[in-house]
Structure formats: structure tokens, C-alpha cells
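In the numbering used here, the protein residues as written are 43 to 348. Working notes, beginning with the structure itself.
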Ligand SMILES: C[S@@+](CC[C@H](N)C(=O)[O-])C[C@H]1O[C@@H](n2cnc3c(N)ncnc32)[C@H](O)[C@@H]1O
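As C-alpha cells, then:
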């Protein structure tokens with residue numbers, strides 16, 4: 043991008059009092075990159091179906107290692123721009139480095155919570171993947187994000203849901219691992235069961251009722267391999283929180299052998315695995331919403347430029 047993206051923000055870089063349960067270790071940033079390959083077709087379809095087009099200006103919320111921003115940059119092309127944001131400095135540094143390595147000229151990453159930042163420009167779309175479950179007040183976050191949208195701007199999220207996970211015939215370790223994950227996220231107050239909340243969160247932010255889609259992973263035998271590795275990666279990232287919250291012990295999980303045991307568990311039983319569901323949820327803000335948020339922008343003491 044030619045000129046630097048400038049912004050101002052409040053000192054509070056997040057709206058959650060809970061520690062972010064996944065952290066930003068090298069393992070977690072690598073996990074996000076690997077997971078992105080698995081999720082890319084779903085995210086791409088949600089973005090396209092919602093109306094992302096060439097030339098758009100996109101704000102990505104909670105960029106992590108940057109993979110959603112990179113996908114958006116490909117979709118908007120050289121004529122568009124993408125601003126990625128994350129409240130974690132380690133994520134911003136990793137995403138910035140990856141953008142340079144991949145030669146993107148239409149992306150920049152900034153540190154902060156974009157719901158509380160101001161920009162001189164407005165965006166055609168605000169997008170995010172796997173970020174709303176981590177917010178104490180997701181409707182408040184959406185309200186803060188909607189103020190960055192132009193008239194008829196799009197608010198598009200891709201979030202997870204774990205309520206459908208199961209195996210048949212039962213693969214006991216798979217079922218146990220999914221329970222560990224669900225219990226850990228529930229106990230931390232950052233539940234990954236987004237389906238039951240999605241609609242309420244959007245309308246609770248005074249946004250038009252959203253369009254929703256759900257894709258669910260399902261496969262048998264060796265076709266489950268990539269998903270099971272992803273489950274192993276999630277268990278590893280959540281392990282400190284799992285232990286802290288008393289969900290599982292280090293010995294029980296035994297992360298060094300966990301992935302092998304999981305693969306063995308599923309393949310030896312020839313189980314069919316139902317995995318995580320991917321929820322696409324989006325809405326277009328109307329004229330009223332734009333006017334309302336434009337007024338609150340004017341009251342903000344800070345100024346910014348893009
Ligand atoms: C599970 S990761 C997902 C990363 C990326 N969207 C992806 O799908 O690969 C969630 C990221 O959102 C960031 N995050 C959570 N809440 C945030 C907030 N309020 N403002 C900015 N970033 C936030 C976290 O620091 C983390 O890097």
C-alpha cells in the first residue's frame with residue numbers, strides 16, 4: 043500500500059477480561075496457518091456469497107497470522123486494500139512479515155481492537171474469522187465495527203460451532219478430545235458453539251437480521267487425517283487452559299503421542315467422524331445504521347487518516 047495507514051485508538055486493546063485461551067506462541071501461529079488451509083474454501087465461499095468484490099476496501103478483525111486478510115487481498119485485487127488488525131503484537135508482527143514474504147502490496151496490519159479504533163476512511167466490508175467467541179460483549183464489538191462501514195457496507199464473520207461433533211462407530215479418544223475442547227472453551231467463557239448465538243449477537247447490535255450458512259466436516263477412515271491433525275493442534279494450544287481449568291491433566295492428554303493415538307483410534311474403528319461446523323454469517327448495514335454511526339464518529343476526539 044502506498045501511504046501508511048494511520049489510526050488512533052483508545053489504550054484498551056481488547057474488550058475481554060479473560061486471558062485469550064489460545065495465546066500467540068509459535069505453535070499457535072503455525073496452527074492458525076495450517077488451519078487456514080483447511081478453512082480456506084469455506085471462508086472464500088462465505089466472503090463471495092456475502093458480496094466481496096474486486097476493488098473493495100476491507101477491514102479484517104483479529105487477523106492472527108494474517109491468512110483471512112491474505113484471502114481478502116486476493117479477492118479485492120490490486121485495486122482494493124485490506125487493513126488487518128489484531129490486539130496481539132506477536133500476531134501483527136507475524137502477519138506483517140508474512141505479507142512481505144508473499145509480496146502483497148495492498149495489505150497493512152495494525153495493532154489494536156478495531157471496534158475501538160478510528161480511521162479516516164470507511165470500508166466496504168468488515169470481516170473476521172474465529173474472533174467473536176473471544177469477546178465479552180460481541181454485540182458491542184459489532185456496533186463498534188459497523189461505524190467503520192460505508193453506506194451498504196458488509197459485516198461478514200466466519201465462526202465455529204462444535205455442537206455436531208461425534209463419531210460412529212464411536213472413536214473414544216476423538217469423542218473425549220472434542221469434550222475437552224468444548225469444556226475448556228465453555229469454562230473460560232469463550233464458548234466455540236456459535237450457532238445458537240449468531241443471530242442474537244447481530245440483531246442485539248441493532249443490525250439487520252443476518253444471512254447464515256453452515257458447513258460441517260464429515261469423513262471416514264484416512265480422509266479424516268487432516269481434521270484429526272487439526273484437532274491435535276487445537277488440543278496442544280488449549281492444553282495450558284485445559285490443565286488450569288481442571289478439564290484434563292498433562293498425563294491424560296500426553297500431547298507427544300496424542301496425534302498418533304487419535305489417528306489410531308479413528309482408523310482402527312473405521313469410524314466416520316463429524317467435525318466442527320463452519321458458520322458463515324453476514325449482513326448489509328442500511329442507511330439508518332450508517333447515519334447513526336456517522337454521528338458517533340464525529341463525537342470521537344481522535345482523528346485518523348488512511
Ligand atoms: C483464533 S485467532 C483467528 C485468527 C484469524 N482470523 C484466522 O482465522 O486465522 C483469533 C485472533 O483474534 C485476535 N483478537 C481477539 N479479540 C480481538 C479484538 N477485540 N481485537 C483485535 N483482535 C482480537 C486474537 O489476538 C487472535 O489473534
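Ideal Cβ placement from N, Cα and C applies to all residues, glycine included. Here the structure is a predicted model, which means the values were calculated and not measured.
Rounded straight-line distance, which links the Cα of residue j to that of residue i
{"i": "residue 285", "j": "residue 61", "result": "14 angstroms"}
{"i": "residue 290", "j": "residue 313", "result": "24 angstroms"}
{"i": "residue 328", "j": "residue 253", "result": "15 angstroms"}
{"i": "residue 300", "j": "residue 147", "result": "40 angstroms"}
{"i": "residue 65", "j": "residue 297", "result": "17 angstroms"}
{"i": "residue 126", "j": "residue 153", "result": "9 angstroms"}
{"i": "residue 294", "j": "residue 282", "result": "13 angstroms"}
{"i": "residue 122", "j": "residue 217", "result": "44 angstroms"}
{"i": "residue 149", "j": "residue 311", "result": "46 angstroms"}
{"i": "residue 260", "j": "residue 162", "result": "44 angstroms"}
{"i": "residue 169", "j": "residue 197", "result": "6 angstroms"}
{"i": "residue 98", "j": "residue 119", "result": "8 angstroms"}
Selected residue, minimal CA-CA separation from residue i, among the options
{"i": "residue 90", "options": "228, 267, 115 and 175", "result": "115"}
{"i": "residue 104", "options": "229, 117, 177 and 233", "result": "177"}
{"i": "residue 80", "options": "154, 150, 277 and 267", "result": "267"}
{"i": "residue 193", "options": "225, 200, 201 and 167", "result": "167"}
{"i": "residue 228", "options": "73, 288 and 142", "result": "288"}
{"i": "residue 214", "options": "309, 95 and 323", "result": "309"}
{"i": "residue 106", "options": "171, 259, 124 and 196", "result": "171"}
Chain C within 8 angstroms of residue i, Cβ atoms only
{"i": "residue 319", "result": "Among the chains of the structure shown, chain C does not appear; only one protein chain is present."}
Original post:
Should the stretch 131-148 be regarded as contacting the stretch 200-208, the criterion being three or more beta carbon pairs within less than 8 angstroms?
Top reply: Judged by Cβ distances under 8 angstroms, the stretch 131-148 makes no contact with the stretch 200-208, as fewer than three pairs qualify.
Original post:
Of all the beta strand (DSSP E) runs that stay within the bounds of the stretch 306-333, which reach a length of 3 or more residues?
Top reply: DSSP runs (the beta strand (DSSP E)) wholly in the stretch 306-333: 314-326.
Original post:
With contact counted as at least three CB pairs below 8 angstroms, one residue from each stretch, are the stretch 167-187 and the stretch 296-314 in contact?
Top reply: No, they do not touch.
**OP:** Would you check if there are 3 or more beta carbon pairs closer than 8 angstroms linking the stretch 236-246 to the stretch 273-283?
**Re:** Cβ pair count under 8 angstroms is below three, so no.
Original post:
Are at least three pairs of beta-carbons, each pair with one atom in the stretch 146-164 and one in the stretch 213-227, less than 8 angstroms apart?
Top reply: Not touching, per the Cβ criterion.
Original post:
Along the chain, which unbroken stretches of the beta strand (DSSP E) at least 3 residues long are found entirely within the stretch 236-285?
Top reply: Those beta strand (DSSP E) runs which fall completely within the stretch 236-285 and span 3+ residues are 253-262.
Original post:
Counting only runs that start and end within the stretch 113-201, where is the alpha helix (DSSP H) found for 4 or more residues in a row?
Top reply: Restricted to the stretch 113-201, the alpha helix (DSSP H) segments that are unbroken, complete and at least 4 residues in length are 131-144 and 180-188, listed in chain order.
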